[in-house]
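Novice:
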Amino acid sequence: MKKIAILGCENSHANNFLKFIKTREEFNDIEVIGVYSDDIPAAEKLRDMFGVPVMNDYADAVGKIDGLIITARHGDNHYKYAKPYIESGIPMFIDKPITVKEEEAVEFMQKLRANNVKICGGSSLKQDTFVMQLKEEAVNEVHGKTIGGIVRAPYSSENAYGGFYFYSQHLVEMICEIFGRFPISVTAKQNGKQIHVLFHYENFDCVGVFTDGNYLYYAARMAEKATTGFEIPSSGDWFYREFKEFHELLNGAPQGISYEEFISPVFIMNAIERSLASGKEEAIGTFTL
0 MKKIAILGCE
10 NSHANNFLKF
20 IKTREEFNDI
30 EVIGVYSDDI
40 PAAEKLRDMF
50 GVPVMNDYAD
60 AVGKIDGLII
70 TARHGDNHYK
80 YAKPYIESGI
90 PMFIDKPITV
100 KEEEAVEFMQ
110 KLRANNVKIC
120 GGSSLKQDTF
130 VMQLKEEAVN
140 EVHGKTIGGI
150 VRAPYSSENA
160 YGGFYFYSQH
170 LVEMICEIFG
180 RFPISVTAKQ
190 NGKQIHVLFH
200 YENFDCVGVF
210 TDGNYLYYAA
220 RMAEKATTGF
230 EIPSSGDWFY
240 REFKEFHELL
250 NGAPQGISYE
260 EFISPVFIMN
270 AIERSLASGK
280 EEAIGTFTL
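Residue numbers (numbering that gives the first Met the number 0): 0 to 288.
1) Assuming F92 and I68 form a contact by the criterion Cβ under 8 Å, report the distance between their Cβ atoms to the nearest whole angstrom.
2) What does C205 pair with, by DSSP beta-bridge criteria?
3) By the DSSP assignment, the beta strand (DSSP E) with I267 in it spans what residues?
4) Would E176 pass as a contact of K125 if the rule is Cβ separation under 8 Å?
5) Please go through the same chain and pick out, in chain order, the residues whose beta-carbon is closer than 6 Å to the beta-carbon of A282, but skip the five residues on each side of it.
6) Could you have a look at C175 and say whether DSSP puts it in helix, strand or coil?
7) I'd like to confirm the pairing. Which residues does DSSP put opposite I3 in its beta bridges?
8) Is the beta carbon of I231 sitting closer than 8 Å to the one on Y217?
9) Can you give me the C-alpha to C-alpha distance between A225 and C119, rounded to a whole angstrom?
10) Roughly how many angstroms separate the alpha carbons of K79 and G143, rounded to a whole number?
11) Using the beta-carbon count (16 or more within 10 Å), is A104 buried or exposed?
12) Could you pull out every unbroken alpha helix (DSSP H) segment of at least 4 residues lying fully inside the stretch 33–115, listed in chain order?
13) Give the C-beta separation of C205 and G147 to the nearest angstrom, bearing in mind that I take them to be a contact with Cβ-Cβ under 8 Å.
14) Just tell me which of F178, P52, G161 has its CA closest to the CA of V265.
15) Hey, is the stretch 52–68 in contact with the stretch 0–8, meaning 3+ C-beta pairs nearer than 8 Å?
16) According to the neighbour-count rule (16 or more other Cβ atoms, all chains shown, within 10 Å of its Cβ), is A152 buried or exposed?
17) For N290, report the span of its alpha helix (DSSP H) as first-last.
18) Could you give the first and the last residue of the continuous alpha helix (DSSP H) run that contains S11?
19) Does the separation of the CB atoms of M268 and Y164 fall below 8 Å?
20) What do you get for A71, buried or exposed, if any count of 16 or more other CB atoms within 10 angstroms of its CB means buried?
21) Which of the three DSSP states, helix, strand or coil, is assigned to K243?
22) Check whether the Cβ atoms of L245 and F129 sit closer than 8 Å, and answer yes or no.
23) Could you tell me which residues DSSP pairs with K188 in its beta bridges?
24) By Cβ distance below 7 Å, which residues in the same chain neighbour W237 in space, the five residues on each side in sequence not counted?
25) According to DSSP, what are the bridge partners of G121?
26) Under 7 Å Cβ to Cβ from G179, same chain only, skipping five residues before and after it: list those, please.
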């Protein structure tokens, strides 16, 4: 039996993951020994729904678990929640945004790598069927080389969970997954409630359209000979696929993404915020782990 804890259980990830553990036979080797949230009623709600214990402190499960899920709404809590568990070397699921601050993201990954901690997580939208199809077509140059693209996704302009960073990794990571993890720079502009971003790659640009509170998703890849695009349904199996990936890490599977790729959205989001403030093209920060 694999024992895990869930920290920062204010959002739908925790509910869905607990539902999978309770209802799907493939996950019957997982036992949740505790949940924790700074929002106590959120943790208590999960206790009442799924019968899981509520922890008094986020470090209470140190030395007692085989894996950790961190899914706090505020990205500033992710590294904080992970710190007590890093030396244990246990696999971790870390929700988006990985962190808000660039320096913290680098330190976080350095410590995870030094302790051989396997990771997964980030935006669940990268697990979407259509996003994965567009990625595969880009890699294999279906219909020719990529010459551009467009992604639409929501963001939240006003919230208590880090402002722009709270939701924006969804769009950023869809861009990264389809077109490449490391764009060179961004140019961002706000017009009304929308934010439009040009993601500059070496040989093409992509457009990102952030819509404030409008929860529609769309992605398209433009190739030399054709354009392929999809409206992405909100009923996708994202949560299942990302939880299955975590389950596989628990059972010894290799990590599917590099530490550098995992935190690339943090640097892109920071560059977007700088571009919105400056009105200019802003280089995406580089880093070394």
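Glycine is no exception: its CB is placed at the ideal position from the N, C-alpha and C atoms.
Computed from a predicted structure; not experimentally measured.
Specialist: On the basis of the data shown:
1) Taking the sequence shown and counting its residues from 1, the one referred to as residue 92 is at position 93. Taking the sequence shown and counting its residues from 1, the one referred to as residue 68 is at position 69. Correct: roughly 4 Å between the Cβ atoms.
2) The count along the sequence shown starts at 1 and reaches residue 205 at position 206. Paired residues: G148, F198.
3) Here the question's residue 267 lines up with position 268 in the sequence shown. Taken as a continuous stretch (DSSP letters only), I267 belongs to no beta strand (DSSP E), being part of the alpha helix (DSSP H) at 258–277.
4) Numbered from 1 along the sequence shown, position 177 holds the residue referred to as residue 176. Numbered from 1 along the sequence shown, position 126 holds the residue referred to as residue 125. A contact, by the Cβ cut-off of 8 Å.
5) On the sequence shown, residue 282 is found 283 positions in, with the first residue counted as 1. Within the same chain, A282 has close Cβ partners S184.
6) Walking along the sequence shown from the start, residue 175 turns up at place 176. Correct three-state label for C175: helix.
7) Translated into positions along the sequence shown, residue 3 becomes position 4. Partner(s): V31, G66.
8) For the purposes of this step, residue 231 is taken as the residue at position 232 of the sequence shown. For the purposes of this step, residue 217 is taken as the residue at position 218 of the sequence shown. Taking 8 Å as the Cβ cut-off, I231 and Y217 qualify as a contacting pair.
9) Taking the sequence shown and counting its residues from 1, one reaches residue 225 at position 226. Taking the sequence shown and counting its residues from 1, one reaches residue 119 at position 120. Near 33 Å, if we compare the C-alpha coordinates of C119 and A225.
10) Mapped onto the sequence shown, residue 79 falls at position 80. Mapped onto the sequence shown, residue 143 falls at position 144. Rounded to the nearest whole angstrom, the CA to CA distance from K79 to G143 is 45 Å.
11) One-based indexing of the sequence shown puts residue 104 at position 105. Answer is buried; the Cβ neighbour count reaches 16.
12) DSSP runs (the alpha helix (DSSP H)) wholly in the stretch 33–115: 39–49, 75–81, 101–113.
13) Here residue 205 refers to the residue found at position 206 of the sequence shown. Here residue 147 refers to the residue found at position 148 of the sequence shown. Contact flag correct, Cβ pair sits at about 6 Å.
14) On the sequence shown, position 266 is the one that residue 265 refers to. Measuring from the Cα of V265, the nearest candidate turns out to be G161.
15) Taking 8 Å as the limit for Cβ pairs, the verdict is that the stretch 0–8 does touch the stretch 52–68.
16) Here the question's residue 152 lines up with position 153 in the sequence shown. Under this definition A152 is a buried residue.
17) Residue 290 is absent from the model: the chain starts at 0 and stops at 288.
18) Working through the sequence shown from its first residue, we reach residue 11 at position 12. Looking at the DSSP string, the run of the alpha helix (DSSP H) that includes S11 is 11–22.
19) If you number the sequence shown from 1, residue 268 lands on position 269. If you number the sequence shown from 1, residue 164 lands on position 165. Result yes, Cβ atoms of M268 and Y164 sit closer than 8 Å.
20) Position 72 of the sequence shown, counted from the start, is the residue given in the question as residue 71. Under the 10 Å beta carbon count, A71 is surrounded by 16 or more other beta carbons and is classified as buried.
21) Here residue 243 is taken as the residue at index 244 of the sequence shown, counted from 1. K243: helix per DSSP, three-state reduction.
22) Locating residue 245 in the sequence shown gives position 246, where the first residue counts as 1. Locating residue 129 in the sequence shown gives position 130, where the first residue counts as 1. What sits at residue 245 in the sequence shown is Phe, not Leu. Not in contact: F245 and F129 (Cβ atoms no closer than 8 Å).
23) Within the sequence shown, numbered from 1, the residue matching residue 188 stands at position 189. K188 pairs with H195.
24) Taking the first residue of the sequence shown as 1, we reach residue 237 at position 238. So the qualifying residues of the chain are S123, L124, Q126, D127.
25) In the sequence shown, the residue the question calls residue 121 occupies position 122. DSSP output for G121 lists D94 as bridge partner(s).
26) Taking the first residue of the sequence shown as position 1, residue 179 is located at position 180. Cβ within range, chain order: Y200.
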